[in-house]
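Sequential numbering of the sequence shown, starting at 1, is according to full-length UniProt numbering. This report refers to the structure that appears directly beneath it.
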Amino acid sequence: MSSLLHLLLRVFQHHLLSEQRQPVVQHHSLDLPHPYSPLLHLQPARVLLSSLHPHLLLQQTSLVVASTTGVQMCIFGVLNIIKEWNTELEERTGSFRKQANAIAEWDKRILHNSDVLLRLEVKSLRLVKDVVLSLHLIMYAKLYVVTALSTNLYMHITMMHIS
1 MSSLLHLLLR VFQHHLLSEQ RQPVVQHHSL DLPHPYSPLL HLQPARVLLS SLHPHLLLQQ
61 TSLVVASTTG VQMCIFGVLN IIKEWNTELE ERTGSFRKQA NAIAEWDKRI LHNSDVLLRL
121 EVKSLRLVKD VVLSLHLIMY AKLYVVTALS TNLYMHITMM HIS
(Lines of atoms letter the chains of each structure in order from A and count residues from 1; the text may use other names and numbers.)
(Lines give C-alpha, C1' and ligand atoms only; values in the text may rest on other atoms or scores of the structure.)
Protein backbone atom coordinates (compact mmCIF):
# COMPACT_ATOMS: atom_id res chain seq x y z
CA MET A 1 0.00 0.00 0.00
CA SER A 2 1.16 3.49 -0.67
CA SER A 3 2.00 5.99 2.04
CA LEU A 4 -1.03 8.05 0.98
CA LEU A 5 -3.27 5.07 1.65
CA HIS A 6 -1.74 4.60 5.10
CA LEU A 7 -2.18 8.28 5.87
CA LEU A 8 -5.86 8.25 4.87
CA LEU A 9 -6.42 5.08 6.87
CA ARG A 10 -4.89 6.69 9.98
CA VAL A 11 -6.99 9.84 9.57
CA PHE A 12 -10.20 7.83 9.28
CA GLN A 13 -9.26 5.60 12.23
CA HIS A 14 -8.51 8.68 14.33
CA HIS A 15 -11.86 10.13 13.28
CA LEU A 16 -13.65 6.93 14.29
CA LEU A 17 -11.87 6.74 17.65
CA SER A 18 -12.67 10.36 18.44
CA GLU A 19 -16.35 9.71 17.61
CA GLN A 20 -16.41 6.63 19.85
CA ARG A 21 -14.88 8.52 22.79
CA GLN A 22 -17.62 11.14 22.74
CA PRO A 23 -20.63 10.26 24.88
CA VAL A 24 -23.67 9.08 23.00
CA VAL A 25 -26.46 11.70 22.68
CA GLN A 26 -26.75 13.53 25.93
CA HIS A 27 -28.48 16.76 25.03
CA HIS A 28 -28.98 17.36 21.35
CA SER A 29 -31.49 19.80 20.06
CA LEU A 30 -33.92 19.18 17.26
CA ASP A 31 -35.36 21.92 15.07
CA LEU A 32 -39.12 21.70 14.87
CA PRO A 33 -41.05 24.11 12.63
CA HIS A 34 -43.56 26.34 14.36
CA PRO A 35 -47.04 25.85 12.87
CA TYR A 36 -47.39 29.58 12.15
CA SER A 37 -43.78 30.27 11.23
CA PRO A 38 -44.47 30.92 7.52
CA LEU A 39 -47.07 33.51 8.47
CA LEU A 40 -45.22 35.16 11.35
CA HIS A 41 -41.65 34.70 10.03
CA LEU A 42 -40.72 33.02 13.32
CA GLN A 43 -37.66 30.86 13.83
CA PRO A 44 -38.30 27.14 14.41
CA ALA A 45 -38.65 26.08 18.02
CA ARG A 46 -35.77 24.12 19.58
CA VAL A 47 -36.60 21.09 21.69
CA LEU A 48 -34.07 19.23 23.83
CA LEU A 49 -33.94 15.55 22.97
CA SER A 50 -33.56 14.62 26.61
CA SER A 51 -37.06 15.93 27.21
CA LEU A 52 -38.48 13.67 24.52
CA HIS A 53 -39.89 10.22 24.95
CA PRO A 54 -37.27 7.43 25.60
CA HIS A 55 -38.34 5.71 22.38
CA LEU A 56 -37.14 8.77 20.43
CA LEU A 57 -33.87 8.70 22.37
CA LEU A 58 -33.31 5.09 21.31
CA GLN A 59 -33.96 6.06 17.70
CA GLN A 60 -31.43 8.89 17.99
CA THR A 61 -28.86 6.53 19.55
CA SER A 62 -29.39 4.04 16.74
CA LEU A 63 -28.91 6.91 14.30
CA VAL A 64 -25.51 7.62 15.89
CA VAL A 65 -24.54 3.95 15.63
CA ALA A 66 -25.86 3.84 12.07
CA SER A 67 -23.93 7.00 11.21
CA THR A 68 -20.77 5.43 12.69
CA THR A 69 -21.41 2.35 10.56
CA GLY A 70 -22.09 4.68 7.64
CA VAL A 71 -18.78 6.42 8.29
CA GLN A 72 -17.03 3.05 8.41
CA MET A 73 -18.70 2.04 5.14
CA CYS A 74 -17.69 5.38 3.67
CA ILE A 75 -14.12 4.75 4.82
CA PHE A 76 -14.11 1.30 3.26
CA GLY A 77 -15.57 2.78 0.07
CA VAL A 78 -12.85 5.41 -0.02
CA LEU A 79 -10.20 2.76 0.68
CA ASN A 80 -11.55 0.61 -2.16
CA ILE A 81 -11.45 3.60 -4.50
CA ILE A 82 -7.88 4.33 -3.42
CA LYS A 83 -6.92 0.68 -3.99
CA GLU A 84 -8.49 0.78 -7.47
CA TRP A 85 -6.65 4.02 -8.26
CA ASN A 86 -3.43 2.52 -6.92
CA THR A 87 -3.90 -0.58 -9.09
CA GLU A 88 -4.65 1.55 -12.15
CA LEU A 89 -1.64 3.75 -11.37
CA GLU A 90 0.60 0.67 -11.12
CA GLU A 91 -0.74 -0.61 -14.47
CA ARG A 92 -0.19 2.74 -16.16
CA THR A 93 3.25 3.07 -14.56
CA GLY A 94 4.18 -0.38 -15.89
CA SER A 95 2.93 0.54 -19.35
CA PHE A 96 4.82 3.84 -19.20
CA ARG A 97 8.02 2.06 -18.18
CA LYS A 98 7.67 -0.38 -21.09
CA GLN A 99 7.21 2.52 -23.50
CA ALA A 100 10.12 4.41 -21.93
CA ASN A 101 12.36 1.34 -22.28
CA ALA A 102 11.31 0.93 -25.92
CA ILE A 103 12.10 4.59 -26.59
CA ALA A 104 15.47 4.21 -24.84
CA GLU A 105 16.26 1.24 -27.12
CA TRP A 106 15.28 3.29 -30.17
CA ASP A 107 17.54 6.10 -28.96
CA LYS A 108 20.44 3.65 -28.61
CA ARG A 109 19.81 2.32 -32.12
CA ILE A 110 19.58 5.84 -33.55
CA LEU A 111 22.84 6.87 -31.86
CA HIS A 112 24.56 3.69 -33.05
CA ASN A 113 23.24 4.17 -36.58
CA SER A 114 24.34 7.82 -36.60
CA ASP A 115 27.86 6.71 -35.60
CA VAL A 116 27.85 4.13 -38.39
CA LEU A 117 26.60 6.74 -40.87
CA LEU A 118 29.30 9.21 -39.81
CA ARG A 119 31.99 6.56 -40.32
CA LEU A 120 30.53 5.69 -43.73
CA GLU A 121 30.48 9.37 -44.67
CA VAL A 122 34.17 9.74 -43.74
CA LYS A 123 35.04 6.62 -45.75
CA SER A 124 33.02 7.78 -48.75
CA LEU A 125 34.70 11.22 -48.63
CA ARG A 126 38.10 9.49 -48.63
CA LEU A 127 37.04 7.35 -51.59
CA VAL A 128 35.75 10.39 -53.49
CA LYS A 129 39.03 12.19 -52.80
CA ASP A 130 40.99 9.16 -54.04
CA VAL A 131 38.82 8.89 -57.16
CA VAL A 132 39.21 12.61 -57.92
CA LEU A 133 42.98 12.33 -57.46
CA SER A 134 43.02 9.29 -59.75
CA LEU A 135 40.99 11.18 -62.36
CA HIS A 136 43.45 14.08 -62.23
CA LEU A 137 46.35 11.67 -62.68
CA ILE A 138 44.58 10.06 -65.63
CA MET A 139 43.88 13.47 -67.16
CA TYR A 140 47.54 14.51 -66.78
CA ALA A 141 48.65 11.20 -68.27
CA LYS A 142 46.23 11.65 -71.15
CA LEU A 143 47.45 15.18 -71.68
CA TYR A 144 51.03 13.94 -71.69
CA VAL A 145 50.19 11.21 -74.19
CA VAL A 146 48.25 13.60 -76.40
CA THR A 147 51.05 16.15 -76.24
CA ALA A 148 53.63 13.52 -77.00
CA LEU A 149 51.61 12.14 -79.89
CA SER A 150 50.89 15.52 -81.32
CA THR A 151 54.54 16.52 -81.04
CA ASN A 152 55.59 13.28 -82.63
CA LEU A 153 52.99 13.65 -85.34
CA TYR A 154 54.02 17.24 -85.98
CA MET A 155 57.61 16.19 -86.34
CA HIS A 156 56.65 13.39 -88.60
CA ILE A 157 54.57 15.69 -90.80
CA THR A 158 57.30 18.29 -90.98
CA MET A 159 59.81 15.63 -91.87
CA MET A 160 57.64 14.47 -94.67
CA HIS A 161 57.39 17.93 -96.04
CA ILE A 162 61.10 18.41 -95.89
CA SER A 163 61.91 15.18 -97.59
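Virtual Cβ for every residue (Gly too), placed ideally from N, Cα, C.
- 8 angstroms or more divides the Cβ of Leu118 from the Cβ of Leu9.
- Put simply, the backbone Cα of Ile162 is about 15 angstroms away from that of Asn152.
- Taking the CA atoms as reference points, Leu89 sits about 38 angstroms from Asp115.
- When the five nearest sequence neighbours on each side are left out, no beta carbon in the same chain lies closer than 8 angstroms to the beta carbon of Leu125.
- Distance from the CA atom of Ile157 to the CA atom of Ile138, rounded to whole angstroms, is 28 angstroms.
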